[in-house]
Amino acid sequence: MIRAAKLENQLYEEVERDVNATTQALTVVLIVAVATGIGSALGGILRGQLGAAIIGLIVGIIGAVVFWAIWSFLNYFIGTKVFGGTATYGELLRTVGFADSPNVLQILSFIPVLGGIIAFVAGIWTVVATVIAVRQALDFDTTKAIITVVISFVIIFIIIAILGIFGLGAAMMGGAVLGR
22 MIRAAKLENQ LYEEVERDVN ATTQALTVVL IVAVATGIGS ALGGILRGQL GAAIIGLIVG
82 IIGAVVFWAI WSFLNYFIGT KVFGGTATYG ELLRTVGFAD SPNVLQILSF IPVLGGIIAF
142 VAGIWTVVAT VIAVRQALDF DTTKAIITVV ISFVIIFIII AILGIFGLGA AMMGGAVLGR
């Protein structure tokens, strides 16, 4: 996770090739989801919302895993079908999972004022890591990686908005907040 957060290109190349790293990527996503959930839950507890904090933690963890799978697939599909990148879904799943590492700092999101700044910085850092992960996995340039990530983000945002219309967006949004 440290190497992923340090944006080491070589780490992303290693996880891309290592088919056994999928479980490790899932572990990263779960660690980040739990850390972010704890930060969010502590904020809820400080506001006197213990029940909502616990439910949010559980739903957020599930949502984070679902978000990771969809986010990885969208980056894979757009990167390979639109931009001609070469990768498998598993390669994107692994690299994008590791790219979530900076979001572990979201555990500090409950701290008044500072927590919001930390969450913002961690979110931007994670986007940068995701661009690197996508670039390395799909074997193309940074511009194509940025466009792939932006298009994927817009699509997933639309999906979350549509699910929100039906009241199903909360779990996905929890994943977006906890896992992204």
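Every number in this note's numbering is 21 more than the matching position in the sequence shown, counting from 1.
Beta carbons are placed, not taken as given, at the ideal position from N, Cα and C, and that holds for glycine.
Limits of the alpha helix (DSSP H) - the one that K102 falls within: Run containing K102: none; DSSP gives neither H nor E here.
Which same chain residues end up closer than 8 Å to V152 when comparing Cβ atoms and leaving out the 5 residues on each side of it in sequence? Once the five neighbours on either side are set aside, the close Cβ partners of V152 are T163, A166, I167, V170.
Say whether the segment 112-127 touches the segment 139-146, bearing in mind that this needs 3 or more beta-carbon pairs closer than 8 Å, one atom from each stretch. Result yes; three or more Cβ-Cβ pairs closer than 8 Å.
DSSP three-state assignment for K165, whether helix, strand or coil: DSSP places K165 in helix when its eight states are reduced to three.
Three-state secondary structure (DSSP) at R201? Summary for R201: the model assigns pLDDT 46, below 50, so the residue's position carries little reliability; its value from the coordinates is reported in the next sentence. Three-state DSSP puts R201 in coil, outside helix and strand.
For Q70, which three-state DSSP category applies? Residue state, collapsed to three classes: coil.
Quick check on the burial criterion: 16 or more other C-beta atoms within 10 angstroms. Buried or exposed for G58? G58 is buried by the Cβ-count criterion.
Residue burial classification, G105 (beta-carbon count within 10 angstroms, cutoff 16): Within a 10 Å sphere around the beta-carbon of G105 sit fewer than 16 other beta-carbons, which makes this residue exposed.
Ignore the nearest five residues each way along the sequence and tell me which others in I99's own chain have a CB closer than 7 Å to its CB. T169, I172, S173.
Through-space distance from R24 to G103, alpha-carbon basis: According to the sequence as given, residue 103 is Val; it is not Gly. Roughly 29 Å separates the two Cα atoms.
Pull up the distance between the alpha-carbon of V55 and that of A46, whole angstroms please. Straight-line measurement puts the Cα of A46 at about 14 Å from the Cα of V55.
Within 8 Å, strictly: CB atoms of T43 and G111: The Cβ atoms of T43 and G111 sit closer than 8 Å to each other.
Within 8 Å of any Cβ in chain C, is that where the Cβ of L47 sits? Within the model displayed, chain C is absent; a lone protein chain is all it includes.
Tell whether a beta-carbon distance below 8 Å holds between G64 and F141. No, they are not a contact pair.
Return the CA-CA distance between A26 and L113, expressed in angstroms with no decimal places. Looking at the two C-alpha atoms, the distance is approximately 17 Å.
Contact set for V40: own chain, Cβ-Cβ below 7 Å, skip 5 residues either direction: Cβ within range, chain order: G111.
Judging by CA-CA distance, which residue of L159, I83, A73 is the nearest neighbour of T101? Distances from the CA of T101 to each of L159, I83, A73 were compared; the closest alpha carbon is that of L159.
Nearest-angstrom Cα separation, counted from A182 out to R38: For the pair R38 and A182, the Cα-to-Cα distance works out to about 34 Å.
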